[in-house]
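Enquirer: Would you mind keeping the following structure in view while I ask a few things?
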Amino acid sequence: MTKLTIGWLYPTLMSTYGDRGNVICLQRRCQWRNIPVSILPLDQECDSSKFAQVDLIVGGGAQDRQQEIVMRDLKGDKARTLKQILTDGVPGVFTCGSPQLLGHYYEPAFGERIEGLGILDLVSKHPGPNAQRCIGNVVFDITASPLLEEIGSFWRDLPRVIGFENHGGRTYLADVAALGKVVKGYGNNGEDQTEGAFYQNAIATYAHGPLLPKNPFLADWLIYKSLSRQSSTKVTLDPLDDSLAYKARESLLMRHGL
Ligand code: GLN
114 MTKLTIGWLY
124 PTLMSTYGDR
134 GNVICLQRRC
144 QWRNIPVSIL
154 PLDQECDSSK
164 FAQVDLIVGG
174 GAQDRQQEIV
184 MRDLKGDKAR
194 TLKQILTDGV
204 PGVFTCGSPQ
214 LLGHYYEPAF
224 GERIEGLGIL
234 DLVSKHPGPN
244 AQRCIGNVVF
254 DITASPLLEE
264 IGSFWRDLPR
274 VIGFENHGGR
284 TYLADVAALG
294 KVVKGYGNNG
304 EDQTEGAFYQ
314 NAIATYAHGP
324 LLPKNPFLAD
334 WLIYKSLSRQ
344 SSTKVTLDPL
354 DDSLAYKARE
364 SLLMRHGL
């Protein structure tokens with residue numbers, strides 16, 4: 114049975130907003146299907162060889178200060194390896210502070226510009242300490258291909274994603290696909306109705322929640338892509354009972370008249 118090694122980017126620095134829930138969700142959805150799964154922290158304690166071992170990557174959100182600390186370490190071979198594996202199609206889900214660091218730069222509310230990895234063709238800028246933060250429930254419809262088509266063909270869901278956003282930075286896309294179109298909330302910047310970004314098999318989003326337990330079809334798409342990529346065939350995942358998650362989704366969508 115193909116196993117799945119989940120790389121978790123800087124767990125102690127980048128889980129300020131509960132995105133560890135994405136790791137737990139992926140791990141449990143594999144265990145419920147008897148798919149061997151392990152979690153590998155990708156942080157200051159490891160070298161770039163660990164980055165090359167993962168089959169799926171999760172990056173969470175962080176405050177500006179922690180993002181600056183992460184980028185002191187995420188450079189050289191580690192940065193090159195992360196760029197290589199994402200470009201090669203290793204699936205991943207990156208939330209808020211993580212995608213800001215995968216872009217060209219992030220200008221925080223205070224201090225110097227944080228140079229990013231340039232993997233995603235985007236930039237992020239905090240408009241300053243007096244600017245309103247982008248906080249609240251967020252709802253968006255996936256628009257990125259082939260994610261949209263693959264989700265549509267495998268799962269009954271309209272690819273409508275729900276989550277919670279809490280960011281000061283505003284993200285502006287250049288030559289990279291938006292993940293989706295905002296239905297409710299701010300999304301990337303509260304101006305152009307884009308939310309997140311999609312590159313190869315990497316999902317970048319401002320949606321915390323955690324994202325994956327609220328949107329089980331995204332968790333399963335990540336598992337499906339990782340296993341299919343490893344086995345060079347389109348694997349089929351056993352269905353799970355997500356009725357409780359869908360009840361929670363319906364309740365939130367109804368609350369917002371959607
Ligand atoms: N510190 C970044 C910002 O405020 C990211 C926040 C987050 O990860 N939720 O935009």
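Adding 113 to a residue's 1-based position in the sequence shown gives its number in our numbering.
No residue lacks a Cβ here, since even glycine has one placed at the ideal position from N, Cα and C.
Bear in mind that the values here come from a model prediction, so they are computed numbers and not experimental data.
(1) Could you tell me whether any non-hydrogen atom of the ligand GLN is closer than 6 Å to the CB of glutamine 176?
(2) Count Cβ pairs between the region 214-221 and the region 337-351 that sit closer than 8 Å; are there 3 or more?
(3) Just curious, the alpha helix (DSSP H) that aspartate 190 is in, first and last residue?
(4) Does the separation of the CB atoms of proline 323 and glycine 134 fall below 7 Å?
(5) Taking 7 Å as the cut-off, decide whether the C-beta atoms of cysteine 138 and alanine 317 are in contact.
(6) Compute the beta-carbon to beta-carbon distance between threonine 115 and serine 344, rounded to the nearest angstrom, for a pair I have assumed lies under 8 Å.
(7) Does the Cβ of glycine 282 lie closer than 6 Å to at least one heavy atom of the ligand GLN?
(8) Since cysteine 209 is in the alpha helix (DSSP H), which residue starts that stretch and which ends it?
(9) Three or more beta-carbon pairs under 8 Å between the region 230-247 and the region 193-200, yes or no?
(10) Quick one: Cα of phenylalanine 330 to Cα of serine 341, how far?
(11) Which residues in the same chain as serine 151 place their Cβ atom closer than 8 Å to its Cβ, once the five residues preceding and following it in sequence are excluded?
(12) Is the beta carbon of glycine 210 closer than 7 Å to that of glutamine 245?
(13) Assuming the contact rule is C-beta atoms closer than 8 Å, phenylalanine 267 and tyrosine 337 should be a hit. Round their C-beta distance to whole Å, please.
(14) Starting from tyrosine 359, trace the alpha helix (DSSP H) both ways and give me its first and last residue.
(15) Let's see if you can read the secondary structure: which residues bound the alpha helix (DSSP H) around tyrosine 299?
Expert: Well, looking at it:
(1) yes
(2) no
(3) 189-200
(4) yes
(5) no
(6) 5 Å
(7) yes
(8) Careful: cysteine 209 lies outside any alpha helix (DSSP H) and carries neither H nor E.
(9) yes
(10) 16 Å
(11) Lys116, Leu117, Thr118 and Ile119
(12) no
(13) 7 Å
(14) 356-368
(15) Element bounds for tyrosine 299: n/a, residue is neither H nor E.
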